[in-house]
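Participant:
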Amino acid sequence: MEAPGSTPGQTWKVSVQAEDFDIADEQARLTAGRHDVGAVVAFTGLVREIAEGRSDQVMELEHWPGVTERELEKIVVEAEARWPLSGVRVIHRHGPLSPGERIVLVLAASRHRQAAFEAAAFMMDYLKTRAPFWKKEAGPEGAQWVDTRDSDDTAAARWER
Amino acid sequence: MEAPGSTPGQTWKVSVQAEDFDIADEQARLTAGRHDVGAVVAFTGLVREIAEGRSDQVMELEHWPGVTERELEKIVVEAEARWPLSGVRVIHRHGPLSPGERIVLVLAASRHRQAAFEAAAFMMDYLKTRAPFWKKEAGPEGAQWVDTRDSDDTAAARWER
Amino acid sequence: MQVLYFAWMRERIGHATEQVDPGEAATARELIELLKPRSEGHALAFENLKSVRCAVDQEMGDLDMPIAGAREVAFFPPMTGG
Amino acid sequence: MQVLYFAWMRERIGHATEQVDPGEAATARELIELLKPRSEGHALAFENLKSVRCAVDQEMGDLDMPIAGAREVAFFPPMTGG
Chain A
243 MEAPGSTPGQ TWKVSVQAED FDIADEQARL TAGRHDVGAV VAFTGLVREI AEGRSDQVME
303 LEHWPGVTER ELEKIVVEAE ARWPLSGVRV IHRHGPLSPG ERIVLVLAAS RHRQAAFEAA
363 AFMMDYLKTR APFWKKEAGP EGAQWVDTRD SDDTAAARWE R
Chain B
243 MEAPGSTPGQ TWKVSVQAED FDIADEQARL TAGRHDVGAV VAFTGLVREI AEGRSDQVME
303 LEHWPGVTER ELEKIVVEAE ARWPLSGVRV IHRHGPLSPG ERIVLVLAAS RHRQAAFEAA
363 AFMMDYLKTR APFWKKEAGP EGAQWVDTRD SDDTAAARWE R
Chain C
968 MQVLYFAWMR ERIGHATEQV DPGEAATARE LIELLKPRSE GHALAFENLK SVRCAVDQEM
1028 GDLDMPIAGA REVAFFPPMT GG
Chain D
968 MQVLYFAWMR ERIGHATEQV DPGEAATARE LIELLKPRSE GHALAFENLK SVRCAVDQEM
1028 GDLDMPIAGA REVAFFPPMT GG
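Here the protein sequences come in this chain order: A, B, C and D.
First residue of the first sequence? That's 243 in this note's numbering, and the numbers climb one at a time after it.
First residue of the second sequence? That's 243 in this note's numbering, and the numbers climb one at a time after it.
First residue of the third sequence? That's 968 in this note's numbering, and the numbers climb one at a time after it.
First residue of the fourth sequence? That's 968 in this note's numbering, and the numbers climb one at a time after it.
1) Quick one: does B:T371 have its CB under 8 Å from some CB of chain C?
2) Spatial neighbours of B:V289 within its chain, please: CB distance less than 7 Å, with the 5 preceding and 5 following residues excluded, ordered by chain position.
3) Could you work out which residue in A:P374, A:E379 and A:V319 is closest to A:A350 when comparing CA atoms only?
4) Name, going along the chain, the residues of the stretch 272 to 289 of chain B whose beta-carbon falls closer than 8 Å to a beta-carbon of chain C.
5) I need the straight-line Cα distance from A:R347 to A:G337, nearest angstrom please.
6) Contact defined as beta carbons within less than 8 Å: I believe D:D1024 pairs with D:R1038. What is the distance between those atoms, to the nearest angstrom?
7) Would you say B:Q386 lies against chain A (beta-carbon separation less than 8 Å)?
8) What would DSSP say about B:D278, mapped onto helix, strand or coil?
9) Measure the Cβ-Cβ separation of B:T273 and A:Q269 and say whether it is below 8 Å.
10) May I have the straight-line CA-CA distance separating D:L1002 from D:A1010, to the nearest angstrom?
11) How would you label A:G329, buried or exposed, when you count the other beta carbons within 10 angstroms and need 16 or more for buried?
12) For B:V279 and D:V970, I'd like the C-alpha separation in whole angstroms.
13) Name the chain D residues whose beta carbon is nearer than 7 Å to that of A:E315?
14) Ignoring anything shorter than 3 residues or poking outside the stretch 316 to 354 of chain B, list the beta strand (DSSP E) runs there in chain order.
15) Under 9 Å between beta-carbons, which chain A residues line up against D:F973? List them in chain order, please.
16) Cβ of D:T1047 less than 8 Å from any chain A Cβ?
17) Alpha carbon to alpha carbon, how far is B:A362 from B:A397? Give it in angstroms, no decimals.
18) Would you check if there are 3 or more beta carbon pairs closer than 8 Å linking the stretch 302 to 315 of chain A to the stretch 366 to 377 of chain A?
19) Name the DSSP beta bridge partners of A:H305, please?
20) What does the alpha-carbon distance come out to for the pair B:F263 and B:I333?
21) For C:Y972, write down the residues that DSSP places opposite it in a beta bridge.
22) Any beta carbon of chain C sitting closer than 8 Å to that of B:H354?
23) Which residues in chain A have a C-beta closer than 8 Å to the C-beta of B:I265? List them in chain order.
24) Is it the case that the Cβ atoms of A:F364 and A:W401 are separated by a distance below 8 Å?
25) Check this for me: beta carbons of D:A1041 and D:F973, under 8 Å apart or not?
26) Let me know the secondary structure DSSP gives B:P250 once reduced to three states.
27) Distance, Cα to Cα, D:R979 vs D:P1044?
28) Under 8 Å Cβ-Cβ, which residues of chain A neighbour B:E291?
29) Using the Cβ count rule (16 or more neighbours within 10 Å means buried), how would you classify D:P1033?
30) Can you round the beta-carbon distance between A:T390 and D:T1047 to whole angstroms, since I take them to be within the 8 Å contact cut?
31) Starting from A:S257, trace the alpha helix (DSSP H) both ways and give me its first and last residue.
Here it is, written out as structure tokens:
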């Protein structure tokens, strides 16, 4: 199967980057000059500290350069096929991140709110189980790889058809 | 029944204002200094033009001062009772608004994404049918009040229990 | 008793508030029967009760809500915020 | 054939890539049987196959995916992004 996300012109919808992002800027870019967008849903994922007061922990995000972007683009293309979207944006950060920092942004814009809500939830659910990222939490006592949550598989499975 | 939202200290969660808002500022305020928030869902509602190219239309939003705020606070309290939320924010604008302008912001922050997604969708669905706002669209040929959408009642009904 | 109107109900009736003696009216629906004959605008505003919502002392309810002792009853079309 | 490892599989095995002759191995699962005896790290990495995902020529699949003619097979734990 050819990656549908690799269509020229698609790439700007997906970014994998070390830098932080500004949700207001991203949202403004998605709706700029448009008067047919009624709803934008923005999901932001943040690094949580593992236990209370353990903000000395650092999260290290490993990914598979090139493949990660393509998998994210596939998710975007799938969302656009399922819902009438006027705009989509996915940004995922990599590298070391501290508690409270932003990890991921998923934006879905549509005429009506239900499509925007569903598409954003769908992209997050798929991203969790399909985009090649692996989290490692490092603190003073050592580092460990984060386990998958079964609930993530369940969440992704509800979109299967 | 006493309005549960009128608890002192609650009021800052809800604003009804003529001014625009900044989604990044609002989100930053909600998560400032916290390391237990893993997910923030931000819903932004925008004014759509009625028909393509009809951006000369202006939307006028009438509301019931005092009661609107209290109804929005009730919705916030209800959301907080249903989901484990670390923060909630609702801003609804009134007055004249042009196509492309922001009307409403609903923010829900939680440890995990499902609670944030559900709470934000719930608040929007309830707000649509329970907060005393009325939209009037005015263009060169005159003004007319916006009709309710049946789908809004259906959307609100799915949360009844 | 103070009666409030919003949106197109206010426009049809021509004013936002009026002072009304509810007489024997026990519910919002019975109050409407008293209000309708007041003017053509009132009759038009209350033409289709499926499109009329109400609040008694700022508490949302349906048209069969009791109004006994209420200081304020508000009538308005279905809400269209968001 | 190039074999890639990520996250704790890479750490257990001690390197991110290695050159492997797949021999008769027709699927990723059969390839794993060839890889396991290479070192203690390999054996440990492939200890529990429920926790092993794979991609053949950068296409995600399950362990029974055919690897005939593939230039690259990647092994990694379940993803934990987002």
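Using N, Cα and C, we set each Cβ at its ideal position, and we do this for glycine too.
Facilitator: Reading from the atomic positions:
1) Position 129 of the second sequence, counted from the first residue, corresponds to residue 371 of chain B. So yes, B:T371 belongs to the interface.
2) As a working mapping, residue 289 of chain B is identified with position 47 in the second sequence. Only M301, L339, S340, P341, G342, E343 and I345 meet the Cβ criterion.
3) The sequence position of residue 350 of chain A within the first sequence is 108, counting from 1. If we check each option's Cα against that of A:A350, A:V319 comes out closest.
4) G287
5) Indexing the first sequence from 1 puts residue 347 of chain A at position 105. Indexing the first sequence from 1 puts residue 337 of chain A at position 95. According to the sequence as given, residue 347 of chain A is Leu; it is not Arg. Those two C-alpha atoms are separated by around 16 Å.
6) Mapped onto the fourth sequence, residue 1024 of chain D falls at position 57. Mapped onto the fourth sequence, residue 1038 of chain D falls at position 71. Contact flag correct, Cβ pair sits at about 6 Å.
7) Taking the second sequence and counting its residues from 1, one reaches residue 386 of chain B at position 144. Not an interface residue.
8) As a first step, residue 278 of chain B must be located in the second sequence, where it is residue number 36. B:D278 falls in the coil class under three-state DSSP.
9) Within the second sequence, residue 273 of chain B is the residue found at index 31, counting from 1. Within the first sequence, residue 269 of chain A is the residue found at index 27, counting from 1. For B:T273 and A:Q269, no; Cβs fall outside 8 Å.
10) By one-based count along the fourth sequence, residue 1002 of chain D stands at place 35. By one-based count along the fourth sequence, residue 1010 of chain D stands at place 43. In a straight line, the C-alpha of D:L1002 is about 8 Å away from that of D:A1010.
11) For the purposes of this step, residue 329 of chain A is taken as residue 87 along the first sequence, with counting starting at 1. Per the 10 Å Cβ criterion, buried.
12) By 1-based counting over the second sequence, the position of residue 279 of chain B is 37. By 1-based counting over the fourth sequence, the position of residue 970 of chain D is 3. Computed Cα separation, rounded: 38 Å.
13) Here the question's residue 315 of chain A lines up with position 73 in the first sequence. Near A:E315 there are no residues of chain D at all, since even the closest Cβ is about 13 Å away, more than 7 Å.
14) 327 to 335, 337 to 339 and 344 to 352
15) The count along the fourth sequence starts at 1 and reaches residue 973 of chain D at position 6. E304, H305, W306, P374 and W376, listed in chain order.
16) As a working note, residue 1047 of chain D is residue 80 in the fourth sequence. Yes, D:T1047 lies at the interface with chain A (some Cβ there is under 8 Å from its Cβ).
17) Taking the second sequence and counting its residues from 1, one reaches residue 397 of chain B at position 155. Taking the second sequence and counting its residues from 1, one reaches residue 362 of chain B at position 120. Their Cα atoms are separated by approximately 13 Å.
18) yes
19) To locate residue 305 of chain A, count along the first sequence from 1; it is residue 63. Note: A:H305 sits in a beta bridge opposite A:F375.
20) Here residue 263 of chain B refers to the residue found at position 21 when the second sequence is read from its first residue. Here residue 333 of chain B refers to the residue found at position 91 when the second sequence is read from its first residue. Using only the alpha carbons, I get a separation of about 8 Å.
21) In the third sequence, counting from the first residue as 1, residue 972 of chain C sits at position 5. Bridge partners of C:Y972: C:F1042.
22) Residue numbering aside, residue 354 of chain B sits at position 112 when the second sequence is read from its first letter. Not an interface residue.
23) As a first step, residue 265 of chain B must be located in the second sequence, where it is residue number 23. Going along chain A in sequence order, the residues near B:I265 (Cβ under 8 Å) are I265, A266, Q269 and A284.
24) For the purposes of this step, residue 364 of chain A is taken as the residue at position 122 of the first sequence. For the purposes of this step, residue 401 of chain A is taken as the residue at position 159 of the first sequence. Yes, the Cβ-Cβ distance between A:F364 and A:W401 is below 8 Å.
25) By one-based count along the fourth sequence, residue 1041 of chain D stands at place 74. By one-based count along the fourth sequence, residue 973 of chain D stands at place 6. A contact, by the Cβ cut-off of 8 Å.
26) The residue labelled residue 250 of chain B in the question sits at position 8 within the second sequence. Annotation note: pLDDT 41 at B:P250 (below 50); position unreliable, coordinate value reported separately. Coil.
27) In the fourth sequence, residue 979 of chain D corresponds to position 12, counting from 1. In the fourth sequence, residue 1044 of chain D corresponds to position 77, counting from 1. If you take the alpha carbons of D:R979 and D:P1044, they lie about 12 Å apart.
28) The residue given as residue 291 of chain B occupies position 49 in the second sequence. The contacting residues are H277 and D278.
29) Within the fourth sequence, numbered from 1, the residue matching residue 1033 of chain D stands at position 66. Per the 10 Å Cβ criterion, exposed.
30) Indexing the first sequence from 1 puts residue 390 of chain A at position 148. Indexing the fourth sequence from 1 puts residue 1047 of chain D at position 80. Confirmed, about 6 Å.
31) For the purposes of this step, residue 257 of chain A is taken as the residue at position 15 of the first sequence. No alpha helix (DSSP H) contains A:S257, which is instead part of the beta strand (DSSP E) from V256 to Q259.
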